[in-house]
Structures are given as structure tokens and as C-alpha cells.
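For reference, the structure is listed below as C-alpha cells.
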Amino acid sequence: MPTLRQLAVETLTHLSERGESTLAVDADARRILREWLLAARRGETAAPPAAAPQPPQSVEEKLAYLQQRAVRWKPALRLGTLRETMVFATGSPHARLMLVGEAPGYEEELRQEPFVGPAGRLLTRILAAMGLQRSEVYISNVCKFRPSMGAQQGTANRPPTEEELAACLPLILAEIRAIRPACIICLGATAAKGLLGTTATVGSLRGQWLECQGIPLRVTYHPSYLLRNETLSARRAVWEDMLAAMQQLGMPISPRQQNYFTTSSAP
Ligand code: URA
């Protein structure tokens, strides 16, 4: 199973491949990095010793291990700005399509499952229009904890900050590496910021294939944006991104599906 050192090396490699050349780290992280550097200078490698337990082999084992780690994920929890219930992911470990959202909200935290609130119900309907069930795809979030709003929380939600995103990033990257889906749909600007490191708008990112860890990735509007903006053009834009994903996956597309939202023909 990957050690913290291996996860850190993978995350730093990903950030450097993305063109990042600097990273803000706190005193604890500096101390740990210095220890690793000294160990590397002594010729000790990041690989576990020969007698260590075998790393998990199957995708299920890898995800179970990650989920276990995520529950007490110190980089996120020690910020003190995220709530403590970890919401991991749902769906098939063998999914070819992975959908990545922002962070759990009120209902997701309550049920400990991503996308089960109003935005989630819309996402489930979009998937059904594609001919897919939730259990056939993999649904996750870039941030695994509901961002805290202190005393005013109630049922309100807020997007995660950059610091909160960075703290959770190793988890979603490890999920992507474990599953290796055929394509990823990034739901909204926050997920795109996490996976692509860009602050560009969804409007400027969507409609093209991008890449995360060598996997084709498409950015589209978050379902909660569609709930606020029920125009035909917004719905068609999301649907075109889903059609592109279906094509990428080699799924059949009926003439009826092709034409959803070109007129008032809703699924
Ligand atoms: N919005 C998200 O981005 N993720 C969820 O899990 C729920 C709502």
C-alpha cells in the first residue's frame, strides 16, 4: 500500500507535470520533507522494505485503502475549516466514466454519499438520459469534507478554498490512478481548479478534450449551475459535453439523444 511519502511524491510529480514550480508548505510539512531528503541522501528509497505487506492489488483494495486513509486525512482535518465527516465516492471501481464534483453538501454529508442532494438528483437524471445508472459510473469529489461555515452552517454550503482543495488533492488523484477510467467529466470550475490547476471559467474550458494524468477529461457546468440557470442553451451545453463523453466511450447515440435540447425536446 502506498506510504505517505509515495503519495506525496506522486502528488508533487503531478503538480510539476502541470507546470507548478512553487508550493507553499507549513512547518510540519517542511520538517517531514527535510527528513525525507536526508533519508534519500543516505540512500534510503521511498519503496517499502522487502518484508512490508504486499501493496493492494485489485482496484477494490486500493480504493478501500484510500477510503480508510481519507477518514483521518490529516492534511485536510488539521486546517480546521472543513467538517469532520468524510464523504468518499460512489459507483463502480471498474467504471469507464468518472465524474468529479466539488465537495459534499448538507445531504451528502448526512448520507455520506456524493451527489445525493438536488444537484445529485439532476446528475442521476442526466446519466439516465445517457443510458447509464449511477452504479455503472464512478462519482467522486475533489474535496472529501463539507466546507465548514461555523455557527451559520445549517443546510448552507460553500465551495472549498484553494487550501482545502490542495489538502484533498492527493486523494482524488490516487482514485484516478486506481481506476484509470476511459474518460473524466469535471463538474464545475472548482473541480477543474483541482484537477487542472486552472482558474479559467467553465465557459472557456468546456467543449474540448483536456487531460488529467494522461486520461481524457472534459469540463462541463456543475448540475447546481443548471438548477439556477434552466435555459435551453445551458442544458444543451452540458448535454453536448455528455454526448462527447458517450462518443469517447464508444456508446451508441440515438437520433433522439443527439437532438435533446436542440428544440424543446427534453429527455
Ligand atoms: N455538489 C458537489 O460538487 N458534490 C457533491 O457531492 C454534491 C454537490
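The numbering of the sequence shown is the working numbering, which starts it at 11 and goes up by one.
Just so you know, even glycine gets a beta-carbon here, dropped at the ideal spot from N, CA and C.
From which residue to which residue does the alpha helix (DSSP H) around residue i run?
i      : result
ILE94  : This sequence places Glu at residue 94; Ile is not what is there. Run containing GLU94: none in the alpha helix (DSSP H); it sits in the beta strand (DSSP E), 92-96.
LEU33  : Here LEU33 belongs to no alpha helix (DSSP H), and DSSP marks it neither H nor E.
LEU220 : Not the alpha helix (DSSP H): LEU220 falls in the beta strand (DSSP E), residues 220-222.
MET261 : Here MET261 belongs to no alpha helix (DSSP H), and DSSP marks it neither H nor E.
THR134 : 128-140
ARG82  : From DSSP, ARG82 is part of no alpha helix (DSSP H); its letter is neither H nor E.
ALA201 : 199-206
ARG121 : 116-121
LEU215 : 212-215
Per DSSP, what are the beta-bridge partners of residue i in this structure?
i      : result
ASN239 : None, per the DSSP bridge assignment.
CYS193 : LEU107
THR100 : ILE149
For the beta strand (DSSP E) containing residue i, name the first residue and the last one.
i      : result
ALA161 : It is not in any beta strand (DSSP E) - ALA161 carries neither H nor E in the DSSP assignment.
TYR148 : 148-151
ILE225 : 225-230
Which whole-angstrom value is the C-beta distance of residue i and residue j, which I expect to be below 8 Å?
i      : j      : result
LEU107 : ALA255 : 6 Å
GLY101 : ILE149 : 5 Å
MET252 : GLY141 : Not a contact, Cβ separation roughly 11 Å.
LEU236 : VAL248 : 6 Å
ASN151 : VAL97  : 7 Å
VAL147 : LEU197 : Wrong, their Cβ atoms sit about 12 Å apart, outside the cutoff.
ALA184 : LEU76  : 5 Å
ILE186 : CYS222 : 7 Å
GLY213 : ILE182 : Not really, about 23 Å apart at Cβ, beyond 8 Å.
ARG228 : CYS193 : 7 Å
ALA139 : TYR270 : 7 Å
ALA105 : PRO226 : Incorrect: roughly 14 Å between the Cβ atoms, too far for contact.
Can you find a heavy atom of ligand 3 that lies under 7 Å from the Cβ of residue i?
i      : result
PHE155 : Here the bound small molecules are ligand 1; ligand 3 is not part of this structure.
Below 8 Å, how does it come out for the segment 120-130 and the segment 75-89: are there three or more Cβ pairs, yes or no? The segment 120-130 vs the segment 75-89: no contact.
Just checking, does the segment 108-117 make contact with the segment 67-74 on the three C-beta pairs under 8 Å criterion? At 8 Å Cβ cutoff, the stretches do not touch.
Below 8 Å, can you find three or more Cβ-Cβ pairs linking the segment 127-145 to the segment 86-97? No, they do not touch.
Using 8 Å as the cut-off, can you tell me whether the segment 148-160 makes contact with the segment 254-269, which would need three or more C-beta pairs spanning the two stretches below that distance? By the Cβ criterion, the segment 148-160 is not in contact with the segment 254-269, since fewer than three pairs of Cβ atoms, one from each stretch, lie closer than 8 Å.
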